[in-house]
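With numbering that gives the first Met the number 0, the residue at position 66 of the sequence shown is 65, and numbering never jumps. The beta-carbon is built from N, C-alpha and C at its ideal position, and this holds for glycine as well. Some notes on the structure that comes next.
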Amino acid sequence: MPITDAMRTRHVVRQYLDTPLDDLAAALLARVEEANASHGTDIHLLAGSARVFGPLWGTVRARSVRNCLVMAGPDTPDLDERLGHAGAGLMLAAQELGLNTWWVGGTFSKRAAARASGATGRVVAVVALGYGATQGTAHDSKRPEEVASYEGEPPAWFTQGVEAALLAPTAFGKQAFTLAGRDGEVMITCEEGDYAGQDRGIVKYFFEVGAGRDNFRWAS
């Protein structure tokens, strides 16, 4: 499945079948290692460890989860954003493999996640994954003009990037971000809050896929 198709078909799934990942675990682990190398993170894959998820999850609807990514890394100011960016790529990689995902920024035990995975540094989130009981449904979305603007005539890459960004999962589905473009440069702003860094990284990744990373530069 091409990554652009993965973006369009990816929806939040909170209920999973009790089907093992088998050979897909190795493919996911390879992608995790790549993400850690490129982002300076310490993400771990927990596959099939049913006993782990009793203390890990604080919500009844997550009891069917048997696999997850523990999103962790050295506690630097930009850790949340780096993990959001890395996690977005891993969610789409899972979708390409025929799996479903759910980014969980709260309602789980960070201590249990760190203990079960051996992750070092700070645990920010987990990504539940596996074979979904359903494929999920599309979330309500803002219109492009509600989140984006470009000084002058917007180039095609900017329009495509915004469309992709609106497919990204964000905290509580709020899509609380704006994208402003000018002369090939794009600035992203996220509403302040506990999940702003994660949202920023995730939205950036989706925008990059849609726009083409070589077509623009991020404003510092």
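Between the beta-carbon of Thr162 and the beta-carbon of Gly209, is there less than 8 angstroms?
Taking the sequence shown and counting its residues from 1, one reaches residue 162 at position 163. Taking the sequence shown and counting its residues from 1, one reaches residue 209 at position 210. Reading off the sequence shown, one finds Glu at residue 162, where the question assumed Thr. It is a contact, given that the beta carbons lie within the stated cut-off.
Just the C-alpha distance for Ile42 and Arg114, rounded to the nearest angstrom, thanks.
Position 43 of the sequence shown, counted from the start, is the residue given in the question as residue 42. Position 115 of the sequence shown, counted from the start, is the residue given in the question as residue 114. Whole-angstrom Cα-Cα distance: 13 angstroms.
Can you check DSSP and say which residues form a bridge with His84?
Taking the sequence shown and counting its residues from 1, one reaches residue 84 at position 85. In DSSP, His84 forms no bridge with anything.
Which whole-angstrom value describes the C-beta separation of Gly183 and Arg216, a residue pair presumed to lie in contact below a C-beta threshold of 8 angstroms?
Stepping through the sequence shown from its first residue, residue 183 is reached at position 184. Stepping through the sequence shown from its first residue, residue 216 is reached at position 217. Correct: roughly 6 angstroms between the Cβ atoms.
Could you give the DSSP three-state label for Tyr15: helix, strand or coil?
Start at 1 with the first residue of the sequence shown, and residue 15 comes out as number 16. Strand, per DSSP.
Return helix, strand or coil for Met0, following the three-state DSSP convention.
Counting from 1 along the sequence shown, the entry for residue 0 is found at position 1. In this structure, Met0 counts as coil in the three-state DSSP scheme.
Give the single residue among Gly131, Glu145, Ser140 and Pro154 whose Cα lies nearest to the Cα of Val11.
Here the question's residue 11 lines up with position 12 in the sequence shown. Comparing Cα positions, the closest option is Gly131.
Give me the Cα-Cα distance between Met176 and Pro76, rounded to the nearest whole angstrom.
Translated into the one-based positions of the sequence shown, residue 176 becomes position 177. Translated into the one-based positions of the sequence shown, residue 76 becomes position 77. The question names Met, but residue 176 in the sequence shown is Phe. Near 19 angstroms, if we compare the C-alpha coordinates of Pro76 and Phe176.
Minimum C-alpha distance to Pro1 - residue among Ala164, Gly129 and Ala92
To locate residue 1, count along the sequence shown from 1; it is residue 2. Closest by alpha carbon: Ala92.
Per-residue DSSP class, three states only, for Cys67:
Position 68 of the sequence shown, counted from the first residue, corresponds to residue 67. In this structure, Cys67 counts as strand in the three-state DSSP scheme.
Residues in the same chain with beta-carbon distance under 6 angstroms from Arg181, minus the five sequence neighbours each way, listed in chain order, please.
For this step, residue 181 is matched to residue 182 along the sequence shown. Cβ neighbours of Arg181 beyond the five flanking positions: Glu150.
Same chain, Cβ closer than 6 angstroms to Ala118, five either side skipped, listed in chain order
The count along the sequence shown starts at 1 and reaches residue 118 at position 119. If we look at Ala118 and ignore the five residues flanking it on each side, its Cβ neighbours are Asp41, His43, Val69 and Ala71.
Determine, using beta carbons only, whether Gln174 and Gly83 come nearer to each other than 8 angstroms.
The residue labelled residue 174 in the question sits at position 175 within the sequence shown. The residue labelled residue 83 in the question sits at position 84 within the sequence shown. No, the Cβ-Cβ distance between Gln174 and Gly83 is not below 8 angstroms.
Report the rounded CA-to-CA distance for Ala124 versus Ala85, giving the unit in angstroms.
Taking the sequence shown and counting its residues from 1, one reaches residue 124 at position 125. Taking the sequence shown and counting its residues from 1, one reaches residue 85 at position 86. Rounded to whole angstroms, Ala124 to Ala85 spans 12 angstroms at the Cα level.
DSSP-derived helix/strand/coil call for Ala49:
Against the sequence shown, residue 49 aligns to sequence position 50. For Ala49, the pLDDT reaches just 48, beneath the cut-off of 50, and the residue's location in the model is therefore unreliable, leaving the point undetermined.
Alpha carbon of Ala36 to alpha carbon of Ala170, nearest angstrom
Here residue 36 corresponds to residue number 37 of the sequence shown, with the count starting at 1. Here residue 170 corresponds to residue number 171 of the sequence shown, with the count starting at 1. So the alpha carbons of these two residues sit roughly 26 angstroms apart.
Could you tell me the distance, in whole angstroms, from the CA atom of Glu80 to the CA atom of Ser140?
Walking along the sequence shown from the start, residue 80 turns up at place 81. Walking along the sequence shown from the start, residue 140 turns up at place 141. Cα to Cα, Glu80 sits roughly 22 angstroms from Ser140.
Roughly how many angstroms separate the alpha carbons of Glu32 and Thr3, rounded to a whole number?
Here residue 32 refers to the residue found at position 33 of the sequence shown. Here residue 3 refers to the residue found at position 4 of the sequence shown. Going from the Cα of Glu32 to the Cα of Thr3 covers about 22 angstroms.
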